[in-house]
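Mapping of the sequence shown onto mature numbering (1 follows the signal peptide of the UniProt record, and there is no 0): residues -24 to -1, 1 to 496, in sequence order.
Every residue gets a Cβ at the ideal spot worked out from N, C-alpha and C, and that includes glycine.
Predicted model only: the values in this text are computed from it and were never measured.
Here is the structure we will look at.
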Amino acid sequence: MKRLIRFLCALFIVFAACGSPLYATDKPVLKWGGDTEGGVPYMFYDPFDMDRLIGYEVEIIDAIADYLGMETEFVQNGWDNLIPGLERHLYDVTLDGLEITPEHKEVVNFSIPYYATFLQIAVRKGTKDIETLEDCKGKVVGTLKQSYAYFTLVEAGIKDIRTYEDEINAFNDLENGRLDATLFDDPIGVYYAGFNPEIVFVGPPVGRMEYGIAVRKEDKQLLSDINEAIVYLRDSGKLREIYDRWNMWSPMMAEMFQDFSPSKIEASMFNHWAEHQKPDITLAKRLNRYASFLPILGKAAIVTMKVSIASMVLAIFLGLLLAMTKIFGPTLLSRLAIGYIEAIRGTPVLIQLFFIFYGLPNIGIKLSPFFAGILGLGLNYAAYEAENYRAGLLSVPRQQMEGALALGMTRWQALRHVVLPQALRVALPPVTNDFISLLKDSSLVSVITMVDLTKAYGQLATTYYDYFGTGIIVAIIYFLLGLPFVRLARWTEKKMAVAVKGGKRQKNSGSLVGKKPGSY
């Protein structure tokens, strides 16, 4: 048992030391946040080279940083958490098709617009009764949650709105008949549905929206610098070049920039994406693609294991402390332990993670994503471990404690040397099972900017439209990660069974083992 505890402590120290990477650069760094999952054409990993981050907004932020004499550093975050992450100081600016809306402007400042577009209705091929938003009344319509499109549907009186975190899932549901229509920004529709022969765009453009770069309210100088850079990129024609490469120049943009000249640059990046859309790849190419996923999934698996093991170490020690306080502590401390256990078990772990990561900074407590993930999962599972240890402690006969005290031991010595070892032996099998559950629950850390195994799966699946094959690979990796701990659980169960048999033999030789367990 002591060896196991030392091993877990060593793992915690190693993983904690690896929690935050160090960056060395001669230039100042401009950190920017975005979401690569379902991020085409804004920002996404090149399907032909998953180590390369591309997208028209990637080119824009790189051009801005180059003008300002800075280097860029990308920070992954969920689309609906981009502005909370900005307030949390996870990055300096954020952009990802962020619409300049009154709701957003109440929280952050926006740069001058760098792109203007509209919403587009899409339906299944052969649909005859949907042409406008008015026609969508009484229909099931999908869109991105908390987006301008969502609020447009609400204002139009659409009752049945299905919201999505990833655009590709909405278009898949449209194709499969789960939706009657979708409403998305035009660039999203062109890149995600424009190559699908089963989906067509209908009706005139809906509304108008402008994209801006979000900056914290207090960063007025940074906002001024970014605006200056955008004006330079616009007037020098560099923004037009980027939009032409991505096939995103439109009459709306021509009017906005007062540039009605024809394009002189090939839509190379649009063609690059179109090449990826060619259907029916061979089995050999598909297997090679899956093989190329392994380094990405391997890095994500390491993140998953780091967070899971470190969280479990915290849960084990805190859970044991809570259990002993609940049973042996003074009345006040015992009631506090009971209140903690019930409060934690009665609230979702996702809410707890949001509170720790996004809520605590409001009172001056700012944790890195790595340590916030450990703390959130560790504090949550500690409540469950406490109940495991409580059951183990109560399974030890009361006569064990009485006998130890009669031999001259102090209460603490009796707990440490007599009661606790036996209780841990009983509690260890469910503890190892809980670790397997925690390993799967660690997928929730993706909401606080960490790219774990589940997040990597989402990024790959939305890029390649392959949830099936990629999902099987990720499921196998999760199984292999948990398998050693399944073996550990079985081993501890066998050891416990041997201990019980030994206890019966010891009873005949006059040991302190009593006939029935009792309370302390």
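For Ala98, the enclosing beta strand (DSSP E) covers residues 91 to 100. Excluding residues up to 5 positions away in sequence, Gly9, Asn53 lie with their Cβ nearer than 6 Å to the Cβ of Gly61 in the same chain. Judged by DSSP in its simplified three-state form, Val16 adopts coil rather than helix or strand.
Counting only runs of 4 or more residues that sit fully inside the stretch 97 to 172, the alpha helix (DSSP H) segments are 124 to 131, 143 to 151, 162 to 168, in chain order. The Cβ atoms of Ile202 and Ile40 sit closer than 8 Å to each other. For Glu49, the pairing in a beta bridge is given by DSSP as Lys7. For Asp442, the secondary structure class from DSSP, reduced to helix, strand or coil, is coil. Leu159 places its beta carbon 8 Å or farther from that of Arg138. The C-alpha of Cys112 lies about 7 Å from the C-alpha of Ile134. The stretch 78 to 95 makes contact with the stretch 183 to 202, as at least three CB pairs between them are under 8 Å. Checking the DSSP bridge columns, you'll see Tyr21 partnered with Leu29.
For the set Ala367, Ala362, Leu336, Arg366, the Cα lying nearest the Cα of Gly352 is the one of Leu336.
With a cutoff of 8 Å on beta-carbon distance, Leu150 and Gly118 are scored as near each other. At the C-beta level, Ala291 and Ala358 come within 8 Å of one another.
Less than 8 Å separates the beta-carbon of Ala299 from that of Ala362. Within the same chain, and ignoring the five residues on either side of Thr77 in sequence, the residues whose Cβ sits closer than 7 Å to its Cβ are Tyr124. Close CB contacts of Leu215 within its chain, under the 6 Å cut and outside five residues either way in sequence, are with Leu209 (chain order). Ranked by Cα distance from Glu174, the options Glu318, Ser226, Thr103, Ser284 are led by Thr103.
Distances from the CA of Ser413 to each of Val462, Ile452, Arg28, Val395 were compared; the closest alpha carbon is that of Val462. A straight-line Cα-Cα distance of about 33 Å links Trp249 and Lys416. A straight line joining the alpha-carbon of Trp388 with that of Val407 spans about 24 Å. Counted as a single uninterrupted DSSP element, the alpha helix (DSSP H) harbouring Phe304 occupies residues 259 to 304. With distances taken between CA atoms, Ile453 lies nearest to Asp428 out of Tyr441, Asp428, Lys470. Of the candidates Tyr32, Gly349, Ile272, the residue whose Cα lies closest to the Cα of Phe333 is Gly349. Checking the DSSP bridge columns, you'll see Glu186 partnered with Ala92. Its chain contains no residue whose beta carbon lies nearer than 6 Å to that of Pro238 once the 5 sequence neighbours on both sides are disregarded. Asn264 is classed as exposed because its beta carbon has fewer than 16 other beta carbons within 10 Å across all chains shown.
Ser344 and Ser212 have their C-alpha atoms roughly 39 Å apart.
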